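A quick write-up on the structure given underneath.
There are 2 protein chains.
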Amino acid sequence: MVGAMEATLVLDALGEPNRRQLLELLHGQPEATVSELVEASGMRQPQVSKHLKVLGGASLVAVRADGRHRHYRLDERGLRAAHEWFASFEDVWLARFDALDELVSNDPNPEENSP
Amino acid sequence: MVGAMEATLVLDALGEPNRRQLLELLHGQPEATVSELVEASGMRQPQVSKHLKVLGGASLVAVRADGRHRHYRLDERGLRAAHEWFASFEDVWLARFDALDELVSNDPNPEENSP
DNA sequence: CATACATATTCCTCGTGAGGAATGCAATCC
DNA sequence: GGATTGCATTCCTCACGAGGAATATGTATG
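Going line by line, the protein sequences match chains F and B. If you read the first sequence in the working numbering, its first letter stands for residue 740, the second for the next number, and so on. If you read the second sequence in the working numbering, its first letter stands for residue 740, the second for the next number, and so on.
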């Protein structure tokens, strides 16, 4: 269900260092207001709001309104979508380990990985 | 050793749809020449070469020279770096499952997150 | 109600990076 | 050795997106 479409949104959104910084800041605490993110990131308020909008569009962050404050937090959905996109390439490095095993050991019978 | 620096390179490199397309094409076969990637991707040869250069700089692809052909293949290193970057956020969705557990059970005391 | 605060949005500018055409360079083939 | 193939690189242009300043929107506060 979590397909390439969402991974596209997420990877496009994360192709920007400041947005990754925002995600990492949000990783350190349960949630944070825009002002707190402005303070912590060194960016200016409009930039933070704009980046948060992009991250929200990729389901990487979610908002909770509280009076005039807006509390942002990480959204599992986007993160998992990207994680699974990369996981779909896992066979690449698993296959490489198999090849390494064959080279290192002189066991002519390398086991299959069973994920 | 696979740290934030490499994840930055990888995520920057993947913030571009055509580069992701090249990775996915390379995922389907062990390796491919530039000409084959040009054919399969619909992009023109210089664009493919340039994108492959960026992917190589992020350790996402590796090359094997063979006469006047260059065989590109996926490089596990960049893929793993990115996969691990996202894995560092795994606690986000794991914690969300925990919170769900608390809600489902009849604990009437929804605590604040205590970091 | 006026004012201050928190955030979102708009408008503008500018740099970066993607795409296209042409060229460079090395290796093969005749 | 000249021609051709396979790929990399250069130069140029152009669009997109990031950043800045100003403004809009909404909410508390006096």
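From the three backbone atoms N, C-alpha and C, an ideal C-beta is built for every residue, glycine too. None of these values were measured; they are calculated from a predicted model.
Exposed or buried, His808(B), counting other C-beta atoms within 10 Å across all chains shown (16 or more means buried)? By one-based count along the second sequence, residue 808(B) stands at place 69. Its Cβ having fewer than 16 others within 10 Å, His808(B) is exposed.
Three-state class that DSSP yields for Arg783(F) in the structure shown: One-based indexing of the first sequence puts residue 783(F) at position 44. In the structure shown, Arg783(F) sits in coil (DSSP, three-state: anything other than H, G, I, E or B).
Who are the neighbours of Ala804(F) on chain B, taking C-beta pairs under 7 Å? The residue labelled residue 804(F) in the question sits at position 65 within the first sequence. Near Ala804(F) there are no residues of chain B at all, since even the closest Cβ is about 18 Å away, more than 7 Å.
Helix, strand or coil at Arg807(F) [DSSP, three-state]: Along the first sequence, read from residue 1 onward, the residue named residue 807(F) stands at position 68. Arg807(F): coil per DSSP, three-state reduction.
What residues from chain F crowd round His766(B), counting only those whose CB sits closer than 9 Å? Taking the first residue of the second sequence as 1, we reach residue 766(B) at position 27. Result: Ser827, Phe828, Asp830 and Val831.
I need the straight-line Cα distance from Ala779(B) to Thr772(F), nearest angstrom please. Counting from one through the second sequence, the residue named residue 779(B) turns up at place 40. Counting from one through the first sequence, the residue named residue 772(F) turns up at place 33. The alpha-carbon atoms of Ala779(B) and Thr772(F) are separated by roughly 46 Å.
Locate the alpha helix (DSSP H) running through Leu818(B), then write down its first and last residues. Along the second sequence, read from residue 1 onward, the residue named residue 818(B) stands at position 79. First-last of the alpha helix (DSSP H) with Leu818(B): Glu815 to Ala826.
Closer than 7 Å by beta-carbon distance: list the chain B residues that pair up with Arg759(F), in chain order. Working through the first sequence from its first residue, we reach residue 759(F) at position 20. In chain order: Leu750.
Of all the CB atoms in chain B, is at least one closer than 9 Å to the CB of Gly754(F)? Walking along the first sequence from the start, residue 754(F) turns up at place 15. Yes, Gly754(F) lies at the interface with chain B (some Cβ there is under 9 Å from its Cβ).
Any beta carbon from chain F within less than 9 Å of Ala779(B)'s own beta carbon? Here the question's residue 779(B) lines up with position 40 in the second sequence. Output row for Ala779(B): interface = no.
Using the Cα positions of Ser774(B) and Ser788(B), report the straight-line distance between them to the nearest angstrom. Sequence index remark: in the second sequence, residue 774(B) carries index 35 (1-based). Sequence index remark: in the second sequence, residue 788(B) carries index 49 (1-based). For Ser774(B) and Ser788(B), the distance between alpha carbons rounds to 10 Å.
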